[in-house]
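Here is the structure we will look at.
Chains as they are written, first to last, in the working numbering: chain U, 38 to 174; chain S, 25 to 270.
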């Protein structure tokens with residue numbers, strides 16, 4: 038029989054963070070964070086038998102500028118500096134001011150993963166992160 | 025069926041070729057047909073209006089525009105949407121488009137879209153597939169695309185194809201291998217390559233490829249909204265295998 042997993046304090050903090058992000062997402066869906074000069078990228082999660090694969094769309098990013106961190110076994114943070122500053126003006130938007138220098142995403146995973154075995158690579162501007170699922174005893 | 029109106033602001037002749045660029049997998053249709061419209065300098069000739077669509081206008085050069093518009097340059101008419109099509113509007117929209125194509129005695133209706141593949145990152149040159157209303161179109165298709173033999177299609181293009189069949193209008197849906205929920209300009213360029221062969225109209229896709237990263241960034245928000253609508257339409261059905269033999 039599976040024992041219930043004891044929740045770490047980091048898990049509770051993650052839940053609060055999740056709730057705050059949800060509220061923010063519902064207000065400003067676009068993911069352009071003018072205050073933090075960051076863009077929330079598009080992402081996707083595929084769950085396999087052993088692995089969870091997360092992909093993130095990172096146009097205008099070099100492989101060396103990508104940082105991936107796991108928080109509390111079930112959240113992946115992706116941070117990547119863009120090759121150049123992106124302004125609303127560059128995208129044809131003249132009535133808003135803002136410039137963006139990085140992508141930042143906090144992606145909740147459906148299952149806990151082993152934070153010591155994370156593999157990632159960037160190809161065709163898409164970051165692929167492979168995460169090994171944690172086996173429960 | 026709730027009403028959707030096609031508004032013609034400039035006269036368009038009968039016998040035109042209609043190209044559809046609606047938001048779908050990888051935004052392939054929107055990216056491809058937008059590029060077609062700008063590179064051929066097609067003129068805005070009409071729009072599609074409905075209370076089923078979000079209450080929004082798109083501002084271009086300070087002027088309010090309908091998010092779904094029709095562009096024209098002999099012999100092509102192109103429908104492009106700058107907003108995700110709500111799943112509730114899909115039936116009425118497909119119906120309105122095909123009825124309008126019928127009223128124009130359209131020579132053919134070509135819808136441009138994407139076909140999601142899981143290993144897209146490893147594909148250098150996306151392949152293009154085609155679904156057809158009848159076998160007589162295979163010859164016209166030539167080597168521009170591979171005919172889809174079995175599978176499901178979900179969304180506005182599925183309905184447009186079926187309604188074309190019912191209305192005896194020649195219809196082709198071009199589907200380029202693409203990312204599912206990331207804008208895919210390379211797939212759009214591949215689809216335009218097929219369209220070029222079918223229509224015989226020369227299209228330069230170099231800008232689409234060179235500015236691919238900027239295009240992906242700019243299309244991020246409409247892709248996010250399109251993904252939400254695709255989920256509501258059970259778009260993942262397209263990965264499944266039909267149980268019956270044809």
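Beta carbons are placed, not taken as given, at the ideal position from N, Cα and C, and that holds for glycine.
Query	Result
Scan the stretch 94-108 of chain U for residues whose Cβ lies nearer than 8 Å to a Cβ of chain S and list them as they occur along the chain.	94, 96, 97
Out of 87(S), 115(S), 153(S), 239(S), point me to the one whose CA is closest to residue 210(S)'s CA.	239(S)
Determine, using beta carbons only, whether residue 44(S) comes closer than 8 Å to chain U.	no
Count the other C-beta atoms from every protein chain shown that fall within 10 angstroms of the C-beta of residue 111(U), then say buried if there are 16 or more, exposed otherwise.	buried
Taking 8 Å as the CB-CB limit, is residue 65(U) close to chain S?	Summary for residue 65(U): the model assigns pLDDT 49, below 50, so the residue's position carries little reliability; its value from the coordinates is reported in the next sentence. Taking Cβ atoms only, chain S never reaches closer than 8 Å to residue 65(U), which makes this a no.
In this structure, what does DSSP give as the bridge partners for residue 138(U)?	Residue 138(U) pairs with nothing; no bridge assigned.
Using DSSP's beta-bridge definition, name the partner residues of residue 56(S).	Answer is none; residue 56(S) lacks a bridge partner.
Considering only C-alpha positions, which residue in the set 118(S), 99(S), 52(S), 62(S) is nearest to residue 73(S)?	118(S)
Along chain U, in chain order, which residues have C-beta atoms closer than 8 Å to that of residue 240(S)?	94, 96, 162
How big is the Cα-Cα spacing for residue 191(S) and residue 224(S)?	25 Å
Going by DSSP in three states, residue 191(S) sits in which element: helix, strand or coil?	coil
Which residues in chain U sit within 7 Å of residue 206(S), going by Cβ to Cβ distance?	79, 94, 163
Short of 9 Å Cβ to Cβ, which residues in the stretch 216-246 of chain S face chain U?	236, 237, 238, 239, 240, 241, 242, 244, 245
Could you tell me if residue 43(S) is buried or exposed, where buried requires 16 or more neighbouring beta carbons within 10 angstroms of its beta carbon?	buried
Going by DSSP, name the residue or residues bridged to residue 201(S).	139(S)
Are there three or more Cβ pairs, one per stretch, closer than 8 Å when the stretch 29-45 of chain S is compared with the stretch 134-152 of chain U?	no
With a threshold of 8 Å between beta-carbons, can residue 173(S) be considered close to chain U, or not?	no
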